[in-house]
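> When we follow the working numbering, the leftmost residue of the sequence shown carries the number 8, and every step to the right adds one.
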Amino acid sequence: MKELLILAISSALVSNVVLSRFLGICSFVGVSKSLNNSAGMGGAVIFVIFIASIVAHILYAAVLVPLGLEYLRTIVFILVIAALVQIVEMFMKKNMPALYNALGIYLPLITTNCAVLGVAIDNASKGYNFAQSIVYGLGTAIGYAISICLLAGIRERLDGNDVPYSFQGMPIVLITACLMAIAFFGFSGLKM
Numbered sequence: 008m009k010e011l012l013i014l015a016i017s018s019a020l021v022s023n024v025v026l027s028r029f030l031g032i033c034s035f036v037g038v039s040k041s042l043n044n045s046a047g048m049g050g051a052v053i054f055v056i057f058i059a060s061i062v063a064h065i066l067y068a069a070v071l072v073p074l075g076l077e078y079l080r081t082i083v084f085i086l087v088i089a090a091l092v093q094i095v096e097m098f099m100k101k102n103m104p105a106l107y108n109a110l111g112i113y114l115p116l117i118t119t120n121c122a123v124l125g126v127a128i129d130n131a132s133k134g135y136n137f138a139q140s141i142v143y144g145l146g147t148a149i150g151y152a153i154s155i156c157l158l159a160g161i162r163e164r165l166d167g168n169d170v171p172y173s174f175q176g177m178p179i180v181l182i183t184a185c186l187m188a189i190a191f192f193g194f195s196g197l198k199m
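1) I believe Gly144 touches Ser27 by the beta-carbon criterion, under 8 Å. Please report the beta-carbon distance rounded to the nearest angstrom.
2) For Asn43, verify whether its CB is less than 7 Å away from any heavy atom of the ligand MG.
3) For Lys101, report the span of its alpha helix (DSSP H) as first-last.
4) Indicate whether Ile1 and Arg80 have their beta-carbon atoms separated by less than 8 Å.
5) For Ala109, collect the residues of the same chain with a Cβ closer than 8 Å to its Cβ; drop the 5 residues on either side in sequence, then sort them by chain order.
6) When you compare only the Cα positions, how much space is there between Ile85 and Ile112?
7) In angstroms, rounded to a whole number, what distance separates the CA positions of Ile58 and Leu91?
8) Closer than 8 Å by C-beta to Val95: which residues in its own chain qualify, once you throw out the five before and the five after it? Chain order, please.
9) Under the three-state reduction of DSSP, which class applies to Pro171: helix, strand or coil?
10) Which term fits Tyr172, buried or exposed, when burial requires 16 or more other beta carbons within 10 angstroms of its beta carbon?
11) Here's a check: name, in chain order, each residue in its chain whose Cβ is nearer than 6 Å to the Cβ of Met187, leaving out the five neighbours to either side.
12) Quick one, are the C-beta atoms of Ile153 and Ala19 less than 8 Å apart?
13) Mind pulling the alpha helix (DSSP H) runs of 4 or more residues that sit fully within the region 118-144?
14) Among the residues of its own chain, which have a CB less than 6 Å from the CB of Ile205, if the five just before and after it don't count?
15) Contact defined as beta carbons within less than 8 Å: I believe Ala122 pairs with Tyr78. What is the distance between those atoms, to the nearest angstrom?
16) Under the three-state reduction of DSSP, which class applies to Val36: helix, strand or coil?
17) If you run the structure through DSSP and keep just helix, strand and coil, what is Met177?
18) On the DSSP letters alone, give me the boundaries of the alpha helix (DSSP H) that Asn44 sits inside.
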C-alpha cells in the first residue's frame with residue numbers, strides 16, 4: 008500500500024507530467040484561460056487517462072505480450088485513447104454544451120495528448136502490474152489537473168494586473184509555466 012501511495016504522489020507532484028516531463032503542453036497552455044474550463048479539461052483528462060490505463064494494461068498484458076506483438080502497443084494505445092475521447096466528447100456535447108464549446112478543439116486533441124499516450128507507454132515500459140498502472144495513471148492525471156488549474160488561477164489574476172506590453176499574452180503564460188515548473192522541482196527532494 009505504501010508503494011502505491013508513493014507512486015501516486017510521485018506521479019502527481021514529483022514527476023508532474025506537464026511541469027517535469029513537458030507532455031500535454033498544448034492543452035495546458037490553450038485551455039488554461041479560465042478556471043472553469045481548466046477544471047473541465049482536467050476532469051476529462053482524469054477520466055480518459057484512468058480508463059485508458061485500465062484498458063491499455065489489459066490489452067497489453069492479455070493480448071499483445073502473449074502474441075509477441077509488443078511492437079504494436081503505440082498503435083493499440085492510440086486507438087483505445089481515441090475511442091475513449093469520442094465517448095467523453097459525446098457525453099460533454101450532450102450534457103455539458105457550454106463546457107464542450109469552451110474547450111473547442113482542445114477536447115478532441117486529448118486523443119493526441121502526449122500525456123495520455125505517455126502514461127499508457129510508461130505503464131508498459133516500466134512493467135507495472137494492474138494496480139500500479141491504475142495508480143500511476145490516476146496520479147499523473149491528477150497532477151495534470153492540478154497544474155492546469157493552478158495555471159488558470161494565475162492567468163485569471165494576471166488579467167487584472169499591469170503586465171508590460173512585450174510580456175502580454177503568451178510570453179507571460181510561458182514565464183508563469185516556467186516558474187511553476189521550478190516550484191514543482193522542489194518536490195523532487197521529497198522522501199517517504
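We put the beta carbon where it would ideally sit given N, CA and C, even for glycine.
Let's see:
1) Your numbering for residue 144 matches position 137 in the sequence shown. Your numbering for residue 27 matches position 20 in the sequence shown. About 16 Å; that fails the 8 Å criterion.
2) Of the ligands one can find in the structure shown there are none, so the ligand MG has no counterpart to examine.
3) In the sequence shown, the residue the question calls residue 101 occupies position 94. Element bounds for Lys101: 80-102.
4) Because the chain in this structure spans residues 8 to 199, residue 1 falls outside the shown range and cannot be described.
5) Position 102 of the sequence shown, counting from 1, holds the residue named residue 109. Only Ser41, Asn43, Asn44, Gly47 meet the Cβ criterion.
6) Within the sequence shown, residue 85 is the residue found at index 78, counting from 1. Within the sequence shown, residue 112 is the residue found at index 105, counting from 1. Each residue's Cα considered, the two are about 18 Å apart.
7) For the purposes of this step, residue 58 is taken as residue 51 along the sequence shown, with counting starting at 1. For the purposes of this step, residue 91 is taken as residue 84 along the sequence shown, with counting starting at 1. Using only the alpha carbons, I get a separation of about 8 Å.
8) The residue given as residue 95 occupies position 88 in the sequence shown. Answer for Val95: Ala51, Phe54, Val55, Leu114, Ile117, listed in chain order.
9) By one-based count along the sequence shown, residue 171 stands at place 164. Residue state, collapsed to three classes: coil.
10) As a first step, residue 172 must be located in the sequence shown, where it is residue number 165. By the 10 Å Cβ count, Tyr172 comes out exposed.
11) The residue you call residue 187 lines up with position 180 of the sequence shown. Hits under 6 Å: Leu26.
12) Residue mapping note: residue 153 aligns to position 146 of the sequence shown, counting from 1. Residue mapping note: residue 19 aligns to position 12 of the sequence shown, counting from 1. In this structure, Ala19 lies closer than 8 Å to Ile153 by Cβ.
13) 121-132
14) The structure shown does not extend to residue 205, since the chain is modelled only from 8 through 199, so no value can be given for it.
15) Within the sequence shown, residue 122 is the residue found at index 115, counting from 1. Within the sequence shown, residue 78 is the residue found at index 71, counting from 1. With a Cβ gap of about 23 Å, Ala122 and Tyr78 do not count as contacting.
16) Counting from one through the sequence shown, the residue named residue 36 turns up at place 29. In this structure, Val36 counts as helix in the three-state DSSP scheme.
17) As a working mapping, residue 177 is identified with position 170 in the sequence shown. Helix, per DSSP.
18) If you number the sequence shown from 1, residue 44 lands on position 37. Counting along the chain, the alpha helix (DSSP H) containing Asn44 begins and ends at 42-66.
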